[in-house]
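K.L.:
One line per chain: the protein sequences are A and B, in this order.
Note that the numbering used here has the first sequence beginning at 57, numbered continuously upward.
Note that the numbering used here has the second sequence beginning at 23, numbered continuously upward.
Using N, Cα and C, we set each Cβ at its ideal position, and we do this for glycine too.
Small disclaimer: the values here were computed from a predicted structure and weren't measured.
Just passing along the structure, written as structure tokens.
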Amino acid sequence: MASIEVEGLSVRYGEVVAVDGIDLVAEAGSVLALLGPNGAGKTSTVEALEGYRPRSAGMVRVLGLDPARDHAALTRRVGVMLQRGGVYPGMGPAEALGLFASYYRHPLDPATLLGRLGLARVARTPWRRLSGGEQQRLSLGLALVGRPEVVFLDEPTAGVDPEGRQVIRSVVAGLRDEGVCVVLTTHQLEEVERLADRVVIVDRGRVVADATPAELVTATAGHSIRFGAPPGIDTAGLGAALGAGAVEAEPGEYEVATAPTPAAIAALTAWLAERDLPLADLRAGRERLEDVFLRLIADGRSGGGG
Amino acid sequence: MRALVAQSAAELRLTLRRGESVLLTLAIPVGLLAFFSEVHVLPLPAGVHRPVQYLAPGILALAVMSTSMVSLGIATGFERQYLVLKRLGATPLGRPRLLAAKTLAVLALELVQTGVLVGVAAALGWNPGGDPAAAAGAVVLATAAFAGIGLTMAGALRAEVTLAAANGLYLVLLLVGGMVFPLSHLPGGLATVARALPSAALSGALHSSLTGGGPGGGIESWVVLAAWAVGAPLVAALGFRWE
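Structural data, given as structure tokens:
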């Protein structure tokens with residue numbers, strides 16, 4: 057049984073449809089990233105899984121239970137990190153972790169957790185005086201102190217410095233290794249590439265892609281060669297030589313619509329050499345996830361009628 | 023059980039850590055009691071000769087109101103705004119235990135206040151009499167009533183608005199509550215309205231139970247208190263938005 061199963065989930069706020077028929081599956085010991093622009097429906101989806109939002113349609117199972125009906129039973133097995141806040145402003149990390157530990161039957165040791173999160177130095181500093189990164193790490197700790205089997209992290213690294221991001225990433229990787237099912241929302245692509253086993257791209261309440269990060273990149277990569285050269289070269293002549301369309305996307309930035317095979321690259325460099333044109337840079341490898349993401353969002357909007 | 027004890031202790035610690043709540047719940051009541059007991063400027067009801075005899079029950083009523091309405095309401099309003107209440111909803115603590123913990127913390131602070139105020143009043147020459155059990159009953163009813171008012175604001179208004187409204191209401195209820203100024207010295211219409219409010223009902227019940235038939239409100243105070251003790255929490259529960 058998967059830790060999380062969602063079929064046809066819809067969430068409405070009055071007339072506004074925030075989530076419009078989403079399907080998801082997440083297994084134990086895996087990290088699922090929900091990726092999408094602001095307002096895509098990521099938080100509404102996660103809050104329906106946490107039991108905060110009533111769903112207007114669809115089936116949701118977390119550890120085989122219904123988050124709306126079996127909320128009390130799930131609170132013992134699920135950890136939640138809200139996008140912001142959630143901690144008494146006058147309470148320091150040690151006190152907050154100790155208090156939350158008292159809610160659970162077999163909690164983690166708060167002192168150990170403080171060390172793991174790099175918060176030992178500020179253990180007694182009230183939450184309102186912690187930096188953004190320290191607040192996020194404390195929120196993460198509060199989600200973990202009850203030894204959850206499923207963890208929901210809403211934008212865990214938003215506003216976090218690089219060092220804190222490193223801590224959060226290593227904790228999330230540790231959770232996966234311990235068999236925890238982690239669901240995180242983000243709009244940072246770097247996060248997805250580093251952390252996620254599976255990425256679901258959401259836009260306007262719908263799933264526009266569901267794959268591993270590597271699949272997403274390879275399935276869509278390798279259809280063009282991009283290079284930099286002096287502006288104004290003869291793209292028609294180049295296209296004819298390579299047997300594919302060539303365009304100057306921006307002054308000095310060119311794109312040839314052909315797979316980056318060694319032969320195509322050799323023909324390109326030979327064509328430039330004949331004309332004594334310098335080659336500034338050449339990108340023929342895998343497409344960056346960011347390009348894939350932007351293209352999928354654009355395709356979804358033009359095709360789906362939004 | 024462990025969670026309830028830990029949560030109650032945390033609620034109490036947080037209250038005592040906030041300077042403004044210590045000022046409101048301890049410093050102001052003690053200050054008013056000591057000042058007006060020694061500086062004889064207040065009008066006194068008929069039959070009372072020393073200010074402390076009138077002030078001690080009234081200031082106890084004020085202390086109960088400051089803790090259960092103002093301090094609880096403001097703290098809960100900010101907890102709602104900072105999404106603490108929302109976050110706690112995703113833990114096994116649960117709403118019934120959270121409410122129980124807040125109740126226990128309020129009652130504990132009221133015990134501390136009572137100890138301090140009775141001590142100060144005794145030092146100023148107060149001789150409590152009457153029926154302490156009846157006084158305790160009035161305090162419990164009033165705590166439910168005031169907590170209902172405070173939580174009604176906390177659950178519906180922005181935290182800053184709750185802060186202002188609770189403090190404003192505190193001042194109004196103090197002035198027309200028979201806590202410092204006797205109701206008999208208010209204009210007739212205002213006194214009638216005041217008698218229907220929980221503050222005058224509590225101070226009336228405490229005056230009559232602690233001074234053995236002093237200027238209390240008699241049975242009327244208890245009816246008013248009981249009505250607020252049922253009605254206000256009901257309104258709070260119906261209108262409370264957790265996030």
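In terms of alpha-carbon separation, which member of B:118, B:104 and B:119 lies closest to residue 147 of chain A?
P.N.:
Of the candidates B:118, B:104 and B:119, the one whose C-alpha sits nearest the C-alpha of residue 147 of chain A is B:104.
K.L.:
Report the three-state DSSP secondary structure of residue 144 of chain A (helix, strand or coil).
P.N.:
Of the three classes helix, strand and coil, the one that applies to residue 144 of chain A here is coil, per DSSP.
K.L.:
So is residue 19 of chain B in contact with chain A if we call contact Cβ pairs under 9 Å?
P.N.:
There is no way to answer for residue 19 of chain B, as the model of chain B reaches only from 23 to 265.
K.L.:
Which ranges does the beta strand (DSSP E) cover as unbroken runs of at least 3 residues, wholly within the segment 70-137 of chain A, from first to last along the chain?
P.N.:
Within the segment 70-137 of chain A, the complete beta strand (DSSP E) runs of at least 3 residues are 72-82, 87-91, 113-118 and 134-137.
K.L.:
Mind checking if residue 237 of chain B is an interface residue toward chain A, Cβ cutoff 9 Å exclusive?
P.N.:
Legend: pLDDT at residue 237 of chain B = 47, less than 50; position of this residue unreliable, no value from coordinates given.
K.L.:
Let me check understanding here. Comparing Cα to Cα, which of A:174, A:93 and A:329 lies closest to residue 225 of chain A?
P.N.:
It is A:174.
K.L.:
Among B:78, B:80, B:115 and B:98, which one has its Cα closest to the Cα of residue 129 of chain A?
P.N.:
With distances taken between Cα atoms, residue 129 of chain A lies closest to B:115.
K.L.:
Going along chain A in order, which residues have a C-beta closer than 8 Å to the C-beta of residue 36 of chain B?
P.N.:
Near residue 36 of chain B (Cβ distances below 8 Å), the residues of chain A are 144, 146 and 147.
K.L.:
Strictly by DSSP, which residues pair up with residue 281 of chain A?
P.N.:
A:312, per the DSSP bridge assignment.
K.L.:
Determine whether the beta carbon atoms of residue 172 of chain B and residue 188 of chain B lie at a separation below 9 Å.
P.N.:
Yes, Cβ-Cβ distance for residue 172 of chain B and residue 188 of chain B is below 9 Å.
K.L.:
Does the Cβ of residue 239 of chain A lie closer than 8 Å to at least one heavy atom of the ligand ZN?
P.N.:
What this structure holds is no ligand at all, so the ligand ZN is not there to describe.
K.L.:
Evaluate the contact criterion for the segment 245-259 of chain B versus the segment 211-225 of chain B: three or more CB pairs, one atom per stretch, below 8 Å.
P.N.:
As far as the Cβ criterion goes, the segment 245-259 of chain B touches the segment 211-225 of chain B, which means the pair count is three or higher.
K.L.:
Determine the direct distance from the alpha carbon of residue 92 of chain B to that of residue 32 of chain B, and round the result to whole angstroms.
P.N.:
So the two alpha carbons sit approximately 18 Å from each other.
K.L.:
Taking C-beta pairs closer than 9 Å, name the residues in chain A that residue 101 of chain B reaches, listed in chain order.
P.N.:
Neighbours of residue 101 of chain B on chain A, chain order: 144 and 145.
K.L.:
Hey, residue 244 of chain A and residue 268 of chain A: beta-carbon distance below 9 Å or not?
P.N.:
Cβ atoms of residue 244 of chain A and residue 268 of chain A: not closer than 9 Å.
K.L.:
As a quick exercise: from B:257, B:27, B:44 and B:121, pick the residue whose alpha carbon is nearest that of residue 132 of chain B.
P.N.:
It is B:44 whose Cα lies nearest to the Cα of residue 132 of chain B.
K.L.:
For the alpha helix (DSSP H) holding residue 171 of chain B, just list the boundary residues, first then last.
P.N.:
Taken as a continuous stretch (DSSP letters only), the alpha helix (DSSP H) holding residue 171 of chain B covers 154-178.
K.L.:
Chain A partners of residue 76 of chain B, CB-CB under 8 Å?
P.N.:
The premise fails here: residue 76 of chain B is roughly 37 Å from chain A at the closest Cβ pair, so nothing lies under 8 Å.
K.L.:
Looking at the C-beta of residue 69 of chain A, does it have a partner C-beta in chain B at a distance below 9 Å?
P.N.:
For residue 69 of chain A, the answer is no, since every Cβ of chain B falls outside 9 Å of its Cβ.
K.L.:
Verify the CB distance criterion: does residue 106 of chain B have a CB-CB separation below 9 Å to chain A?
P.N.:
It does; some Cβ of chain A falls within 9 Å.
K.L.:
So, helix, strand or coil for residue 240 of chain A, using DSSP?
P.N.:
Looking at residue 240 of chain A - three-state DSSP - the assignment turns out to be strand.
K.L.:
Which value, in whole angstroms, describes the spacing of the CA atoms of residue 238 of chain B and residue 126 of chain A?
P.N.:
Unreliable positioning characterises residue 238 of chain B in this predicted model, as indicated by a pLDDT of 49, which lies under 50. The coordinate reading is nonetheless provided below. Cα to Cα, the separation comes out at about 51 Å.
K.L.:
Under 8 Å, with one C-beta from each stretch per pair, do the segment 234-249 of chain A and the segment 86-96 of chain A reach the 3-pair mark?
P.N.:
Contact between the segment 234-249 of chain A and the segment 86-96 of chain A is present, because at least three Cβ pairs lie under 8 Å.
K.L.:
Return the first residue and the last residue of the alpha helix (DSSP H) that residue 96 of chain B is part of.
P.N.:
Counting along the chain, the alpha helix (DSSP H) containing residue 96 of chain B begins and ends at 94-103.
K.L.:
Does any CB atom of chain A fall closer than 9 Å to the CB of residue 92 of chain B?
P.N.:
Not an interface residue.
K.L.:
On a Cα-Cα basis, can you pick out the residue from B:180, B:231, B:52 and B:166 that is closest to residue 254 of chain B?
P.N.:
With distances taken between Cα atoms, residue 254 of chain B lies closest to B:166.
K.L.:
Pop quiz: residue 112 of chain B and residue 136 of chain A are said to be a contact at Cβ under 8 Å. What is the actual Cβ separation, rounded to whole angstroms?
P.N.:
Correct: roughly 4 Å between the Cβ atoms.
K.L.:
Measure the Cβ-Cβ separation of residue 288 of chain A and residue 307 of chain A and say whether it is below 9 Å.
P.N.:
In contact: residue 288 of chain A and residue 307 of chain A (Cβ atoms closer than 9 Å).
K.L.:
Is the beta carbon of residue 233 of chain B less than 9 Å from the beta carbon of residue 151 of chain B?
P.N.:
Yes, these two residues count as a Cβ contact at 9 Å.
K.L.:
Does the count of Cβ pairs from the segment 93-103 of chain B and the segment 50-58 of chain B closer than 8 Å reach three?
P.N.:
No, they do not touch.
K.L.:
Whose C-beta lies closer than 7 Å to the C-beta of residue 99 of chain A among residues of the same chain, with five residues either side of it excluded?
P.N.:
Result list for residue 99 of chain A: 139, 210 and 241, in chain order.
K.L.:
For residue 128 of chain A, go through chain B and note every residue whose CB falls closer than 9 Å to its CB, in chain order.
P.N.:
Those within 9 Å of residue 128 of chain A in chain B are 114 and 116.
K.L.:
Should residue 166 of chain A be labelled buried (16 or more other beta-carbon atoms within 10 Å of its own) or exposed?
P.N.:
Under this definition residue 166 of chain A is a buried residue.
K.L.:
Would you list the residues sitting across from residue 257 of chain A in a DSSP beta bridge?
P.N.:
In DSSP, residue 257 of chain A forms a bridge with A:91 and A:265.
K.L.:
For a minimum of 4 consecutive residues, which ranges assigned as the alpha helix (DSSP H) are wholly contained in the segment 174-248 of chain B?
P.N.:
You should have 181-197, 210-217 and 220-232.
K.L.:
Here's the rule: buried if 16 or more other CB atoms are within 10 angstroms of the residue's CB, otherwise exposed. What is residue 264 of chain B?
P.N.:
Exposed, because fewer than 16 other Cβ atoms sit within 10 Å of the Cβ of residue 264 of chain B.
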